[in-house]
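Student: In the working numbering, the protein residues as written are 97 to 494. Beta carbons are placed, not taken as given, at the ideal position from N, Cα and C, and that holds for glycine. Because the structure is a prediction, the values reported are computed rather than measured.
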């Protein structure tokens, strides 16, 4: 694989204007030749040392949207990819585009090239692109993919926001509590330590916690930093950890319904998209069985659906009411009878999207006062524990 580097460049345009910017290239000579070809003079180039990071989903989505726009404008695929390559700012995405162009130049179809590289697009999207190539409607298919990705990303952001808001508030509460235990509580411990009196249980517990934090603080802080580093650089990218997090959220009563509805929306939206592209149902279902899917429950259910389809059962009969709900199974049965399963899946996706939006709005309104109450109880307990002995002022003054 050719190494790609980021460079800063400064130059003078053909009109005498000073220009500067960043550009990815394999070496200085390549970048200088590109700038000279664009009419720049007095070129100065310096290497910018940056880490090669995975592109964000928004970057990939934006790239697909731009590709759809270019292809729909009757620009040849290879030329469209080359135009995107010139404006790409992510090293890994640049390498991916460069390799795609090389595969296409070698005679591979776009879908075959994507399948060989196996990055940044799912099996479902590759199947859809393949159908777009075969039907001569690649531009339309890319547009549908870009719109589908935008909907999925919008949904994911909503779900993440409602799931991680409590975590952030609780972390703030924990930080505040540790600050009180380390900075304030020792002063009260010194004050009360000079009095030969039995302290209330809650005060005694606070003093013990404070002492442990101060004595073992460096060890605890080091362990926490190592855990954070391990998560950010290793565990965060692990499929196993992602599946574990999904299973953990799904077990929490407060968030279970949101996870279930998100699953239904994701499933029905993708089924509709692929069936509308005339991809067979069994191929559509198999495309979900990918390591990129973090939902073990969905993968298990799709495996069951495929087995039932092979045994001659209808699609609606393979829908587990405990996972997808009885309403979805009934609606799919109606869709099968009318011969329009794809249209029914679109309707299911839109219906559950409205339900999810409403539930997220309600839950966000309820969570804030609940979390403020929890924060108040934690901090209030510490304050009460510290000042409780003062209520017995007579005993302390003796």
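Just curious, the alpha helix (DSSP H) that residue 190 is in, first and last residue?
Tutor: Within the chain shown, the letter at position 94 stands for residue 190. 187-201 is the extent of the alpha helix (DSSP H) around residue 190.
Student: Please check the pair residue 359 and residue 394, which I expect to be a contact at CB under 8 angstroms, by giving their CB distance rounded to whole angstroms.
Tutor: Residue mapping note: residue 359 aligns to position 263 of the chain shown, counting from 1. Residue mapping note: residue 394 aligns to position 298 of the chain shown, counting from 1. With a Cβ gap of about 6 angstroms, residue 359 and residue 394 count as contacting.
Student: Beta carbon of residue 478, beta carbon of residue 273: below 9 angstroms?
Tutor: The count along the chain shown starts at 1 and reaches residue 478 at position 382. The count along the chain shown starts at 1 and reaches residue 273 at position 177. The answer is yes: Cβ separation under 9 angstroms.
Student: By DSSP, does residue 123 sit in helix, in strand, or in coil?
Tutor: Counting from one through the chain shown, the residue named residue 123 turns up at place 27. It is coil, neither helix nor strand.
Student: Residues in the same chain with beta-carbon distance under 6 angstroms from residue 190, minus the five sequence neighbours each way, listed in chain order, please.
Tutor: As a first step, residue 190 must be located in the chain shown, where it is residue number 94. Once the five neighbours on either side are set aside, the close Cβ partners of residue 190 are 100, 120, 184.
Student: Given a cut-off of 9 angstroms, decide if residue 356 and residue 421 are closer than it, judged by their beta-carbon atoms.
Tutor: Counting from 1 along the chain shown, the entry for residue 421 is found at position 325. Counting from 1 along the chain shown, the entry for residue 356 is found at position 260. Yes, these two residues count as a Cβ contact at 9 angstroms.
Student: Is it buried or exposed for residue 370, if we count other Cβ within 10 angstroms and need 16 for buried?
Tutor: Position 274 of the chain shown, counted from the start, is the residue given in the question as residue 370. Residue 370 comes out buried.
Student: How big is the Cα-Cα spacing for residue 325 and residue 179?
Tutor: Within the chain shown, numbered from 1, the residue matching residue 325 stands at position 229. Within the chain shown, numbered from 1, the residue matching residue 179 stands at position 83. Between residue 325 and residue 179, the C-alpha separation is close to 37 angstroms.
Student: Can you name, in chain order, every residue of its own chain whose Cβ lies under 7 angstroms from the Cβ of residue 221, other than the five neighbours on each side?
Tutor: Here residue 221 refers to the residue found at position 125 when the chain shown is read from its first residue. Hits under 7 angstroms: 241.
Student: Can you name the start and end residues of the beta strand (DSSP E) that residue 106 belongs to?
Tutor: For the purposes of this step, residue 106 is taken as the residue at position 10 of the chain shown. That run of the beta strand (DSSP E) goes 101-108.
Student: Would residue 364 pass as a contact of residue 424 if the rule is Cβ separation under 9 angstroms?
Tutor: Taking the chain shown and counting its residues from 1, one reaches residue 364 at position 268. Taking the chain shown and counting its residues from 1, one reaches residue 424 at position 328. Contact: yes.
Student: Which first and last residues belong to the beta strand (DSSP E) in which residue 88 is found?
Tutor: Residue 88 is absent from the structure shown; the chain starts at 97 and stops at 494.
Student: Where does the unbroken alpha helix (DSSP H) through residue 364 begin, and where does it stop?
Tutor: Residue numbering aside, residue 364 sits at position 268 when the chain shown is read from its first letter. It spans 349-372 - the alpha helix (DSSP H) in which residue 364 sits, taken as one unbroken run.
Student: Do residue 196 and residue 213 count as a contact pair if the criterion is CB distance below 9 angstroms?
Tutor: In the chain shown, the residue the question calls residue 213 occupies position 117. In the chain shown, the residue the question calls residue 196 occupies position 100. Yes, the Cβ-Cβ distance between residue 213 and residue 196 is below 9 angstroms.
Student: Any contact of the region 126-140 with the region 152-166, i.e. 3+ C-beta pairs under 8 angstroms?
Tutor: The region 126-140 is not in contact with the region 152-166.
Student: Could you tell me which residues DSSP puts in a beta bridge with residue 461?
Tutor: Within the chain shown, the letter at position 365 stands for residue 461. DSSP output for residue 461 lists no bridge partner at all.
Student: State the start and end residues of the unbroken alpha helix (DSSP H) segment that holds residue 228.
Tutor: In the chain shown, residue 228 corresponds to position 132, counting from 1. From DSSP, the alpha helix (DSSP H) with residue 228 extends over 219-231.
Student: Assuming residue 400 is part of the alpha helix (DSSP H), what are its boundary residues?
Tutor: Taking the chain shown and counting its residues from 1, one reaches residue 400 at position 304. It spans 392-406 - the alpha helix (DSSP H) in which residue 400 sits, taken as one unbroken run.
Student: Mind checking whether residue 282 and residue 484 have CB atoms under 9 angstroms apart?
Tutor: Taking the first residue of the chain shown as 1, we reach residue 282 at position 186. Taking the first residue of the chain shown as 1, we reach residue 484 at position 388. In this structure, residue 484 does not lie closer than 9 angstroms to residue 282 by Cβ.
Student: Take residue 461 and list the residues in its own chain whose beta-carbon comes closer than 7 angstroms to its own, dropping the five residues that flank it on each side.
Tutor: By one-based count along the chain shown, residue 461 stands at place 365. So the list is empty, once near-sequence residues are dropped.
Student: For residue 242, does the three-state DSSP call read helix, strand or coil?
Tutor: By 1-based counting over the chain shown, the position of residue 242 is 146. In this structure, residue 242 counts as helix in the three-state DSSP scheme.
Student: Using the rule of at least 16 other Cβ atoms within 10 Å of the residue's Cβ for burial, across every protein chain shown, is residue 319 buried or exposed?
Tutor: By one-based count along the chain shown, residue 319 stands at place 223. By the neighbour-count rule (16 or more Cβ atoms within 10 Å), residue 319 is not buried but exposed.
Student: So what does residue 312 bridge to, in DSSP terms?
Tutor: Counted from its first residue, the chain shown places residue 312 at position 216. Answer is none; residue 312 lacks a bridge partner.
Student: Closest to residue 106 by C-alpha separation, out of 266, 374, 136, 443, would be which residue?
Tutor: The residue labelled residue 106 in the question sits at position 10 within the chain shown. Comparing Cα positions, the closest option is 136.
Student: Quick one: grab the DSSP three-state call for residue 435.
Tutor: Taking the chain shown and counting its residues from 1, one reaches residue 435 at position 339. Correct three-state label for residue 435: coil.
Student: Would you identify the three-state DSSP class for residue 472, choosing helix, strand or coil?
Tutor: Residue 472 sits at position 376 when you count from the first residue of the chain shown. Correct three-state label for residue 472: helix.
Student: Going by beta-carbon coordinates alone, are residue 251 and residue 362 separated by less than 9 angstroms?
Tutor: The residue you call residue 251 lines up with position 155 of the chain shown. The residue you call residue 362 lines up with position 266 of the chain shown. In contact: residue 251 and residue 362 (Cβ atoms closer than 9 angstroms).
Student: Determine whether the beta carbon atoms of residue 144 and residue 103 lie at a separation below 9 angstroms.
Tutor: Counting from 1 along the chain shown, the entry for residue 144 is found at position 48. Counting from 1 along the chain shown, the entry for residue 103 is found at position 7. Yes; because the gap between Cβ atoms is below 9 angstroms, this pair is in contact.
Student: Since residue 118 sits in a beta bridge, which residues does DSSP pair it with?
Tutor: Residue numbering aside, residue 118 sits at position 22 when the chain shown is read from its first letter. Residue 118 is bridged to 104.
Student: Report the rounded CA-to-CA distance for residue 493 versus residue 314, giving the unit in angstroms.
Tutor: Counted from its first residue, the chain shown places residue 493 at position 397. Counted from its first residue, the chain shown places residue 314 at position 218. Caution applies to residue 493, whose pLDDT of 49 falls short of 50 and renders its modelled position unreliable; the model cannot decide the point.
Student: What number of angstroms, rounded off, separates the C-alpha of residue 182 from the C-alpha of residue 132?
Tutor: Position 86 of the chain shown holds residue 182. Position 36 of the chain shown holds residue 132. Roughly 15 angstroms separates the two Cα atoms.
Student: Residue 170 to residue 160, Cα distance in whole Å?
Tutor: Walking along the chain shown from the start, residue 170 turns up at place 74. Walking along the chain shown from the start, residue 160 turns up at place 64. The straight-line gap from Cα to Cα measures roughly 16 angstroms.
Student: Is it buried or exposed, residue 367, if we count other Cβ atoms within 10 angstroms and call 16 or more buried?
Tutor: In the chain shown, residue 367 corresponds to position 271, counting from 1. Answer is buried; the Cβ neighbour count reaches 16.
Student: Among the residues of its own chain, which have a CB less than 8 angstroms from the CB of residue 249, if the five just before and after it don't count?
Tutor: Here residue 249 corresponds to residue number 153 of the chain shown, with the count starting at 1. Contacts found: 153, 154, 157.
Student: Confirm, please, whether the CB-CB distance from residue 471 to residue 373 is below 9 angstroms.
Tutor: In the chain shown, the residue the question calls residue 373 occupies position 277. In the chain shown, the residue the question calls residue 471 occupies position 375. Not closer than 9 angstroms, so no.
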